[in-house]
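The sequence shown lines up with residues 1 to 238 when you count with the UniProt record's numbering.
Below is one structure; the comments refer to it alone.
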Amino acid sequence: MAYKYETIADSLRSDIKAGKYAPGELMPDQNKLAKTFNTTRITIHKAIQLLIIEGMVYSKRGAGTFVRKDFGLTDHRQETRVDRPIGTTRTNAGKKVTSKVLELQARLPTTREAEQLMIDEMDPVYVIRRVRYVEGQVWAYEHTIMPTSIVTLTKSVLMGSVYGYLENECGLSIAGSHRIVSAGKATQDDVDGMGAKLGDPVLIINQVSYTDDGQPFEVSESHFPYATSTVVADIQVH
């Protein structure tokens, strides 16, 4: 089930695409939108953040939220966000997200994995490999390490949103992540998983994610196809 802010973002997204708000136009302020959708300003803020992530709108301090003037004129490459640990499903709210599970097994962590996850080297971890698709197009190849003590994972869970499962079913509060973005060459895993050509350039994001009490719960490396990916980050100067 979608969060309320995701449903509101879907509605605003549809309004923008339908021309209700023209490129460059100032949108209603968050208090007015909160009354329109019978919700809180915080929920509206989260919905607006999704649209900012997608490149549909931008916020100007003291002025409000505007539809981007170049909306509809940009290319069709997927935008790989590096500033929020919300996962593929929420990054692509309103779109069809599917998965192909390549591996799910448990083993003992390496010394490095144990250090990153702040666990003992005798504490078992899951090894997860899967390919994520958005609207049938390859989004990323993911390799994830997660302590088995966090949650019981099944292939069925991995077919959907792991972050959604952790928060909604397990009560985990995800606070943030530390990410390193780099470039590399496609490995045999990328060839097998994404259909990439060996040696092709790939965008790589290494990530350690944390709960709200500062405990790491995930170490992951995601590879994104170079032909359809770009990194986007909005910088605000106050």
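Note that CB positions come from ideal geometry on N, CA and C, so glycine has one too.
With distances taken Cα to Cα, identify the nearest neighbour of T7 among K95, G62, A18. Nearest C-alpha to T7: K95.
Taking the straight line between their C-alpha atoms, what separation do you get for V191 and L198? 6 Å
Measuring alpha carbon to alpha carbon, tell me which residue in H178, I205, V151 is nearest V185. Reading off the sequence shown, one finds Lys at residue 185, where the question assumed Val. Ranking H178, I205, V151 by Cα distance to K185 puts I205 first.
Quick check: the Cα distance between Q137 and T230, rounded to an integer number of angstroms? Rounded to whole angstroms, Q137 to T230 spans 15 Å at the Cα level.
Please check the pair S177 and S149, which I expect to be a contact at CB under 8 Å, by giving their CB distance rounded to whole angstroms. Actually they do not touch by this definition, with Cβ atoms about 19 Å apart.
Could you check whether the region 114–123 touches the region 30–42, counting it as contact only if at least three pairs of C-beta atoms, one from each stretch, sit closer than 8 Å? Verdict: no, contact absent.
Do R132 and W139 count as a contact pair if the criterion is CB distance below 7 Å? In this structure, W139 places its C-beta atom within 7 Å of the C-beta atom of R132.
Separation of Y5 from I42, as counted between CA atoms: The straight-line gap from Cα to Cα measures roughly 9 Å.
With DSSP as the reference, identify every bridge partner of T65, one or two as the case may be. S59
Considering just the uninterrupted stretch of the beta strand (DSSP E) at E103, what are its terminal residues? 97–107
Determine the closest residue to G87 out of L158, Q215, D212, with distance taken between C-alpha atoms. It is L158.
My assumption, with CB atoms under 8 Å, is that Y21 sits in contact with D29. Please give the rounded CB distance. That pair is no contact at about 13 Å.
Close beta carbons around T98, own chain, < 7 Å, minus the five adjacent residues each side: Y133
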